[in-house]
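Some notes on the structure that comes next.
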Amino acid sequence: GILISTMMVPFFVVVIPVFLIFRDFNLLNSHWALIIPSIFSAFGVFLMRQTIQTLPSELIDAAKIDGCSEFGVYWRIILPLSKPGLAVLGIFTFVGSWNDFFWPLIVLNDPDMYTLPVGLPTLQGQWADYGLVMAASTIAALPTIALFMAFQRYFLQGITVGAIKG
58 GILISTMMVP FFVVVIPVFL IFRDFNLLNS HWALIIPSIF SAFGVFLMRQ TIQTLPSELI
118 DAAKIDGCSE FGVYWRIILP LSKPGLAVLG IFTFVGSWND FFWPLIVLND PDMYTLPVGL
178 PTLQGQWADY GLVMAASTIA ALPTIALFMA FQRYFLQGIT VGAIKG
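Written out as structure tokens, the structure reads:
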């Protein structure tokens, strides 16, 4: 319950304490300031728990009876069967990080370090070249489209896990 309740707190509520932590560790204006906050999320824990809960416990029991260790059960049974859930989590995490504007705007000072969502508005000035802005926006969207196309099969399987009860 505590883990799920953290999903109800918007990031904007904790942005100042998180910023101060990153400042104290001298991680501002670095790639680590962009990577670390998106590695762990309560949503990821919740999604993977729900995915693993849908796996048949008979497979895990059979692997234990056959002498498989706990890590072996995880590596040989749970992880391969969790690929759809991992694909969904990977796509959601990537798209969320790729499109994030607020956090990179706060922690990055060097224009050479800007992410695409933060850098795209710099193309607009008093006299914006809208063709350039639209071309850059299209190029910025290509990685998310390519990632979705690459993992579409797993994504659709992972989204529907647990939707139909047998």
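The working numbering puts the first residue of the sequence shown at 58, with every later residue one more than the last. Even glycine gets a Cβ: it sits at the ideal position worked out from N, Cα and C.
Within this structure, are the beta carbons of T150 and S95 separated by less than 9 Å? yes
Between which two residues does the alpha helix (DSSP H) harbouring D118 extend? S114 to I122
Rounded Cβ spacing between L162 and V152 (contact assumed at less than 8 Å): So it is not a contact: roughly 18 Å between Cβ atoms.
Could you give the C-beta distance for A144 and R133, rounded to a whole number, given that I count them as a contact under 8 Å? Actually they are not in contact, since the Cβ atoms of A144 and R133 sit about 19 Å apart, beyond 8 Å.
Between K140 and Y187, how many whole angstroms is the CB-CB distance? I'm expecting something under 8 Å. Not confirmed; about 42 Å, so no contact.
With 16 other Cβ atoms within 10 Å as the buried cut-off, status of F208: Its Cβ being crowded by 16 or more others within 10 Å, F208 is buried.
Leaving out the 5 sequence neighbours to the left and right, which residues in its chain are closer than 6 Å to D167 when beta-carbon positions are compared? N86
Would W160 be called buried (16 or more neighbouring beta carbons within 10 Å of its own) or exposed? buried
Whose C-beta lies closer than 7 Å to the C-beta of T63 among residues of the same chain, with five residues either side of it excluded? Within the same chain, T63 has close Cβ partners A99.
Is it the case that the Cβ atoms of I93 and L84 are separated by a distance below 9 Å? yes
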